Every structure is written in C-alpha cells, then in structure tokens.
Amino acid sequence: MELVFATNNAHKLEEVQAIIGDRFTIKSLTDIGCSDDIPETGVTFEENAQQKTAYLVAHYGLNCFGDDSGLEVDALNKEPGVYSARYSGSRDMEKNIDLVLSRLSGEVARTARFRTVISLSLNNQQYFFEGAIEGQIIHERRGTGGFGYDPIFIPEGYDKTFAEMTSDEKNQISHRAIAVGKLAAFLKANQG
Ligand code: ITT
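Going by the numbering used here, the letters in the sequence shown line up with residues 122 to 313, in that order.
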C-alpha cells in the first residue's frame with residue numbers, strides 16, 4: 122500500500138520509513154509534486170497533524186498521514202511545544218536550542234518530553250496515534266546524530282542524549298517510534 126507522509130522534514134521521513142519497514146511505501150510531498158507550505162496554525166499537536174492530512178485530502182485526494190511533534194519542557198510551561206520548529210522566531214536549531222538552554226538557566230527541575238501525534242486519513246476516515254518519551258534537558262549539547270533538540274535531551278533510564286544514540290537506538294524508543302508503531306499495527310490489522 123502507498124501512503125503519503127505530509128512532511129518536508131527528510132529526517133522524519135527516514136525515521137518513519139525505517140520504523141514502518143517495506144510493507145508500506147511511503148511517498149513524500151516531493152514525490153507527489155507538492156511544494157506547498159501546508160498551514161500549521163493549530164495550538165495543539167492534534168490540530169496541526171490533522172491540518173496536514175486535511176490539506177492533502179482536499180487538494181490531492183490521497184490516503185495520507187502527517188505528524189506534529191515537539192518538545193515540552195515542564196519548567197517552561199510545556200514550551201516550546203507546537204512552536205518547537207520556530208521557538209526563537211526562526212528555523213535555526215542552534216538559536217532554538219540556545220533559547221531553551223538560556224530560559225532553563227539556573228533551573229534544577231529539567232524534566233521534559235518529546236511528543237508526537239500522527240493523523241491518518243485512510244479512505245476518508247480520520248484516526249490519531251500518539252507517542253511520548255519522558256526525559257531531561259541537560260545543560261549543554263552532546264552528540265551529533267538525530268536532529269532538532271536531540272543534543273540536549275536524555276531519555277529516562279539512559280545516560281546518552283538522542284544525538285549520541287545511533288538512529289536504530291533512537292528509533293527503538295522515540296516518541297515518533299511509539300506513534301508510528303501504533304500506526305503500523307493499525308495499518309497491518311486493517312489492510313491485510
Ligand atoms: P514538518 O512539519 O514538515 O513535518 P517539522 O520539522 O516542522 O517538519 P514538527 O512540526 O513535527 O516537524 O516538529 C517541530 C520541531 O520539533 C522540529 O523541527 C524539531 O525541532 C522538534 N522535533 C520534532 N521531533 C524531534 C525529534 O525526534 N528529535 C528532536 N527534535 C524534534
């Protein structure tokens with residue numbers, strides 16, 4: 122089965138294809154010739170994920186899924202949350218990470234989680250799948266793997282940041298892996 126993944130983020134596409142495996146062919150927005158800047162104006166992950174799939178259904182009529190994810194830091198009232206990609210006002214991750222670290226300066230309570238919500242539109246029916254992983258924000262960057270806030274996040278029960286893990290290690294435990302695992306199980310059960 123073919124499914125379009127409504128993302129412009131190549132890292133996310135790679136992670137998701139690796140988790141879902143060969144059983145489903147995941148097409149990107151580029152693959153279907155879509156270079157539109159799909160609106161993401163919601164105030165929750167659910168709203169944003171659904172906006173992505175609703176847009177593709179309206180304009181392309183395709184079975185598709187989209188996710189919205191981000192980092193919730195408890196001491197920052199769950200910011201950056203839905204604003205994770207542009208927390209500092211730009212998509213520059215160096216600046217976004219710097220802003221999180223400076224706002225947490227002197228803070229000892231550094232619990233946080235990554236959350237993903239996936240919206241699936243399959244034959245015009247709407248489904249949601251969620252994943253989250255708890256952890257801590259450290260004081261400075263460690264590691265070069267992954268993307269986004271990975272260098273400053275250590276998942277609970279580990280001593281490495283996501284950016285210090287191999288992609289296989291991250292893909293076994295990440296928020297996205299949990300949500301995509303639920304999506305894959307649903308697709309398997311419903312599509313034979
Ligand atoms: P699309 O909307 O095109 O899918 P995006 O980069 O905007 O791509 P999200 O809205 O889902 O992706 O995520 C917002 C930001 O949250 C993302 O740019 C990262 O900075 C951060 N983020 C999401 N997942 C992450 C992960 O697994 N590791 C580190 N940071 C992550």
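Backbone N, C-alpha and C fix where the C-beta goes; we use that ideal spot for every residue, glycine too. Here the structure is a predicted model, which is why all the values come from computation and not from measurement.
- In this structure, the C-beta of residue 214 approaches the ligand ITT to less than 8 Å from one of its heavy atoms.
- For residue 307, the enclosing alpha helix (DSSP H) starts and ends at 296-311.
- Scanning the segment 167-228 for uninterrupted alpha helix (DSSP H) segments of 4 residues or longer gives 214-224, listed from N- to C-terminal end.
- By the criterion of a C-beta distance shorter than 8 Å, residue 245 is surrounded in its chain by 178, once the five residues flanking it on both sides are discounted.
- Here residue 174 is buried, its C-beta having at least 16 other C-beta atoms within 10 Å.
- A heavy atom of the ligand ITT is found nearer than 8 Å to the CB of residue 191.
- Under the DSSP assignment, residue 133 falls in the alpha helix (DSSP H) whose first and last residues are 131-141.
- Inter-residue distance for residue 304 and residue 260 is about 34 Å (C-alpha atoms, whole angstroms).
- Looking at the backbone, the Cα of residue 262 and that of residue 241 are separated by about 34 Å.
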